[in-house]
Amino acid sequence: MTHQRDRTLATKALARVEGEGAMHVRVRGSQVDEVRLDIYEPPRFFEAFLRGRSYTEPPDITARVCGICPVAYQTSACQAIEDACGARVDGQIAGLRRLLYCGEWISSHALHIYMLHAPDFLGYPGAVEMAADHRDVVERGLALRGAGTAIMELLGGRSIHPVNVRVGGFYRAPSAAELAPLARRLRDALPLALDTAAWVAGFGFPDFTCPHELLALTEPGRYPIERGTVVTSGGLAFSAAEFEQHIIEEQVPHSTALHARLAGSGQADHDRYLTGPLARYSLNSGSLPPQAARAAAEAGLGSECRNPFRSIIVRAVEVVCAIEEALRLIGEYEPPAAPSVAVTPREGAGYGVSEAPRGVLYHRYELDGDGIIRSARIVPPTSQNQRAIEDDLRRFVQARLDFDEARLTSECEQAIRNYDPCISCSTHFLDLRIDRR
Amino acid sequence: MTVPATPGGNAVVIGIGNEFRRDDGAGPAVLARLHGRVPGGVELLVTDGEPAGLIEAWTGAPLAVIVDAVRAEPSVPGRLHRLVLHEAGAAEVRPVSSHGLGLDSAIGLARALDRMPGTLIVHAVEAADLGQGPGLTPAVAAAIDPLASAVLRDLTSGEIC
Chain A
24 MTHQRDRTLA TKALARVEGE GAMHVRVRGS QVDEVRLDIY EPPRFFEAFL RGRSYTEPPD
84 ITARVCGICP VAYQTSACQA IEDACGARVD GQIAGLRRLL YCGEWISSHA LHIYMLHAPD
144 FLGYPGAVEM AADHRDVVER GLALRGAGTA IMELLGGRSI HPVNVRVGGF YRAPSAAELA
204 PLARRLRDAL PLALDTAAWV AGFGFPDFTC PHELLALTEP GRYPIERGTV VTSGGLAFSA
264 AEFEQHIIEE QVPHSTALHA RLAGSGQADH DRYLTGPLAR YSLNSGSLPP QAARAAAEAG
324 LGSECRNPFR SIIVRAVEVV CAIEEALRLI GEYEPPAAPS VAVTPREGAG YGVSEAPRGV
384 LYHRYELDGD GIIRSARIVP PTSQNQRAIE DDLRRFVQAR LDFDEARLTS ECEQAIRNYD
444 PCISCSTHFL DLRIDRR
Chain B
6 MTVPATPGGN AVVIGIGNEF RRDDGAGPAV LARLHGRVPG GVELLVTDGE PAGLIEAWTG
66 APLAVIVDAV RAEPSVPGRL HRLVLHEAGA AEVRPVSSHG LGLDSAIGLA RALDRMPGTL
126 IVHAVEAADL GQGPGLTPAV AAAIDPLASA VLRDLTSGEI C
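Below, the structure written as structure tokens:
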């Protein structure tokens with residue numbers, strides 16, 4: 024029986040989120056007493072699926088976790104296995120790895136900015152409706168995304184689940200001549216990226232501050248993409264090998280995804296953290312290349328950005344950064360003597376981290392002496408962000424309890440999309456339920 | 006309707022799906038069957054169904070053939086559906102694939118941008134299981150060969166109706 028003051032709202036319309044899951048908000052009187060992000064997460068399945076496989080297989084297998092960010096999975100996997108085997112990838116092969124990753128950032132961010140996020144700010148239910156009124160804008164988004172996928176197609180062999188990546192590097196390295204058309208396309212894309220940053224900076228943004236610890240990679244002298252040291256806004260700094268000493272994953276009843284928290288804070292409310300564009304930018308804004316730094320300044324971003332709604336600006340700045348970096352890498356490219364370094368299996372564990380478009384992605388593998396995987400651990404960004412997203416949603420809803428259900432639902436959906444949650448990278452919808460009593 | 010002969014043209018066959026999500030792998034499975042069997046000039050692609058990628062894949066193609074798994078209610082796993090959309094057609098047909106943001110969005114977006122293929126044929130197979138793991142359920146696995154044959158007929162007959 025429904026209580027007279029009970030109000031329940033459910034929608035299956037939140038399609039502009041990658042993957043599947045559900046959001047449940049429970050209101051008691053004038054207080055939001057529970058917010059749960061229910062996630063059905065595939066990395067758990069992949070961890071089990073990898074056991075017993077060869078050390079050469081994770082780049083291909085884990086690329087299937089996500090159609091949007093396969094390069095992130097491949098890169099973290101390769102680095103973890105190379106670490107386990109004592110192999111070092113540097114020089115032009117490392118440059119190609121960063122270039123491929125730039126392609127994924129451009130493609131993923133352009134998709135999120137134009138297809139998933141911008142309609143929220145312009146008052147459209149989705150990109151289809153937005154395209155009817157802003158055709159040129161949507162075409163610009165497709166062109167930007169296409170520049171990113173062109174990199175992935177050339178270096179990865181194809182843009183969906185690239186096949187040219189292997190432990191130790193690549194199966195084939197491109198010639199300098201093959202990269203020349205890519206450079207032309209990226210030079211054409213750069214003004215589109217700068218226009219995008221200026222365009223999204225003009226949107227209206229609610230006042231909202233994310234108070235959590237921020238966690239990202241960092242690298243001396245350049246913006247972190249494919250590797251780095253883990254740092255937090257609270258001053259922690261640790262290597263990939265130390266990740267599980269600092270990040271604790273716990274099972275929660277409402278989700279198949281593990282919830283991550285910072286170890287050792289000693290206070291339940293202080294162990295949430297956020298990874299992803301806001302954290303990456305806030306911890307590395309001084310390392311942006313020149314045009315991206317200028318775009319950030321002109322867009323009104325300070326050295327730190329803690330408003331999740333403004334993450335669309337950060338993504339746009341990161342697209343500029345990725346294009347600049349890609350052009351630099353192509354300009355400095357000389358084909359390596361071999362497309363990969365030899366990686367000989369040995370017994371041991373290895374660790375890898377990289378900055379997926381949505382945040383830090385951690386892989387750990389334990390190998391036996393024959394290179395057979397004994398255990399695998401994958402910590403994707405969305406599961407790390409779950410507790411921070413839930414807390415932000417709780418405060419967001421609390422300040423808007425006087426809204427009617429339709430408006431509150433719509434704004435909750437938009438708030439969720441700020442984090443670009445890659446909830447399962449595969450199928451189905453996100454259901455939102457608000458339960459008021 | 007008669008479409009231009011595909012040999013030498015730029016027809017594209019797109020398999021949508023993820024082979025690690027059980028029956029969602031039907032599209033890629035059909036594409037694997039088609040390798041080496043399609044007329045010259047026909048491009049074969051496997052995608053995750055992301056709309057921008059679909060639009061890029063079929064822009065400028067006189068014929069695009071999509072193969073995808075669908076959720077149906079009530080469901081008859083393995084049952085096949087075939088839907089033809091012509092560029093000029095204004096019918097509000099919204100195929101609902103097994104992907105949250107997928108084919109229906111791609112068609113809507115392509116129409117808004119005038120980037121629909123000349124003819125779009127959607128072959129769909131009703132799924133039984135979209136959970137995690139490799140391998141098709143028996144009913145869907147049994148539909149793969151008939152689906153591949155149906156796609157080949159579309160590519161070679163020249164008669165689209």
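Listed in order, the protein sequences are those of chains A and B.
According to this note's numbering, the first sequence is numbered sequentially starting from 24.
According to this note's numbering, the second sequence is numbered sequentially starting from 6.
Note that beta-carbon positions come from the ideal geometry of N, C-alpha and C, so glycine has one too.
Given the structure is predicted, the values throughout are model-derived calculations rather than measurements.
Alpha carbon of residue i to alpha carbon of residue j, nearest angstrom
{"i": "Glu70 (chain A)", "j": "Thr142 (chain B)", "result": "23 Å"}
{"i": "Leu108 (chain B)", "j": "Gly371 (chain A)", "result": "45 Å"}
{"i": "Leu145 (chain A)", "j": "Gly75 (chain A)", "result": "50 Å"}
{"i": "Ala153 (chain B)", "j": "Gly22 (chain B)", "result": "15 Å"}
{"i": "Val188 (chain A)", "j": "Leu50 (chain B)", "result": "19 Å"}
{"i": "Asn15 (chain B)", "j": "Val145 (chain B)", "result": "29 Å"}
{"i": "Gly257 (chain A)", "j": "Asp83 (chain A)", "result": "36 Å"}
{"i": "Phe426 (chain A)", "j": "Phe419 (chain A)", "result": "12 Å"}
{"i": "Arg59 (chain A)", "j": "Ile412 (chain A)", "result": "9 Å"}
{"i": "Trp222 (chain A)", "j": "Ala212 (chain A)", "result": "15 Å"}
{"i": "Leu178 (chain A)", "j": "Leu205 (chain A)", "result": "11 Å"}
{"i": "Gln27 (chain A)", "j": "Ser53 (chain A)", "result": "Bear in mind that a pLDDT of 29 at Gln27 (chain A), under 50, signals an unreliable position, so the number given afterwards is only what the model happens to contain. About 16 Å."}
{"i": "Leu209 (chain A)", "j": "Ala148 (chain B)", "result": "43 Å"}
{"i": "Gly171 (chain A)", "j": "Glu127 (chain A)", "result": "6 Å"}
{"i": "Pro82 (chain B)", "j": "Leu352 (chain A)", "result": "49 Å"}
{"i": "Met138 (chain A)", "j": "Gln115 (chain A)", "result": "34 Å"}
{"i": "Ser398 (chain A)", "j": "Gly149 (chain A)", "result": "41 Å"}
{"i": "Leu311 (chain A)", "j": "Gly325 (chain A)", "result": "13 Å"}
{"i": "Phe72 (chain A)", "j": "Phe25 (chain B)", "result": "10 Å"}
{"i": "Glu242 (chain A)", "j": "Gly32 (chain B)", "result": "41 Å"}
Residue span of the alpha helix (DSSP H) that contains residue i, given as start and end
{"i": "Ser110 (chain B)", "result": "108-117"}
{"i": "Ile104 (chain A)", "result": "93-108"}
{"i": "Leu135 (chain B)", "result": "Note, Leu135 (chain B): premise wrong, no alpha helix (DSSP H); not H, not E."}
{"i": "Gly179 (chain A)", "result": "158-179"}
{"i": "Gly354 (chain A)", "result": "334-354"}
{"i": "Arg417 (chain A)", "result": "404-421"}
Beta carbon proximity, residue i to chain B, threshold 9 Å
{"i": "Ala318 (chain A)", "result": "no"}
{"i": "Leu215 (chain A)", "result": "no"}
{"i": "Leu134 (chain A)", "result": "yes"}
{"i": "Glu162 (chain A)", "result": "yes"}
{"i": "Leu122 (chain A)", "result": "no"}
{"i": "Met46 (chain A)", "result": "no"}
{"i": "Ala212 (chain A)", "result": "no"}
Endpoints, beta strand (DSSP E) assigned at residue i
{"i": "Tyr442 (chain A)", "result": "Unbroken run through Tyr442 (chain A): none, as it is neither H nor E."}
{"i": "Glu267 (chain A)", "result": "First-last for Glu267 (chain A): 266-269, but that is the alpha helix (DSSP H), not the beta strand (DSSP E)."}
{"i": "Leu238 (chain A)", "result": "236-241"}
{"i": "Thr52 (chain B)", "result": "48-52"}
{"i": "Ala302 (chain A)", "result": "Per DSSP, Ala302 (chain A) belongs to no beta strand (DSSP E); it is in the alpha helix (DSSP H), 300-307."}
In DSSP terms, what residue i is bridged to
{"i": "Gly41 (chain B)", "result": "Answer by DSSP bridge pairing: none, since Gly41 (chain B) is not bridged."}
{"i": "Ala360 (chain A)", "result": "In DSSP, Ala360 (chain A) forms no bridge with anything."}
{"i": "Ala66 (chain B)", "result": "Paired residue(s): none; Ala66 (chain B) is not in a bridge."}
{"i": "Gly283 (chain A)", "result": "As written in the sequence, residue 283 (chain A) is Ala, which differs from the Gly given in the question. A:Glu272, per the DSSP bridge assignment."}
{"i": "Ile129 (chain A)", "result": "Paired residues: none, contrary to the question."}
{"i": "Thr124 (chain B)", "result": "B:Leu68, B:His91"}
{"i": "Gly373 (chain A)", "result": "A:Tyr388"}
C-beta neighbour in chain A for residue i, strict 9 Å
{"i": "Asp53 (chain B)", "result": "yes"}
{"i": "Ile71 (chain B)", "result": "no"}
{"i": "Pro100 (chain B)", "result": "For Pro100 (chain B), the predicted structure reports a pLDDT of 44, less than 50, and the residue's modelled location is therefore unreliable. A value from the coordinates is still provided. No, Pro100 (chain B) lies away from the interface with chain A (no Cβ there is under 9 Å from its Cβ)."}
{"i": "Gly140 (chain B)", "result": "no"}
{"i": "Phe25 (chain B)", "result": "yes"}
{"i": "Glu61 (chain B)", "result": "yes"}
{"i": "Thr161 (chain B)", "result": "no"}
{"i": "His57 (chain B)", "result": "The identity of residue 57 (chain B) in the sequence shown is Ala, whereas the question assumes His. With 9 Å as the cut-off, Ala57 (chain B) counts as an interface residue toward chain A."}
{"i": "Ser80 (chain B)", "result": "no"}
{"i": "Leu108 (chain B)", "result": "no"}
{"i": "Leu49 (chain B)", "result": "no"}
{"i": "Leu118 (chain B)", "result": "yes"}
Local Cβ density within 10 Å of residue i, reported as buried at 16 or more and exposed below that
{"i": "Met409 (chain A)", "result": "With the sequence shown as reference, residue 409 (chain A) is identified as Gln, and Met is not the correct amino acid for it. Gln409 (chain A) should be labelled buried."}
{"i": "Ser80 (chain B)", "result": "exposed"}
{"i": "Glu131 (chain B)", "result": "buried"}
{"i": "Ile19 (chain B)", "result": "buried"}
{"i": "Thr232 (chain A)", "result": "exposed"}
{"i": "Gln97 (chain A)", "result": "buried"}
{"i": "Gly251 (chain A)", "result": "buried"}
{"i": "Gln407 (chain A)", "result": "buried"}
{"i": "Ala283 (chain A)", "result": "buried"}
{"i": "Thr124 (chain B)", "result": "buried"}
{"i": "Ala263 (chain A)", "result": "buried"}
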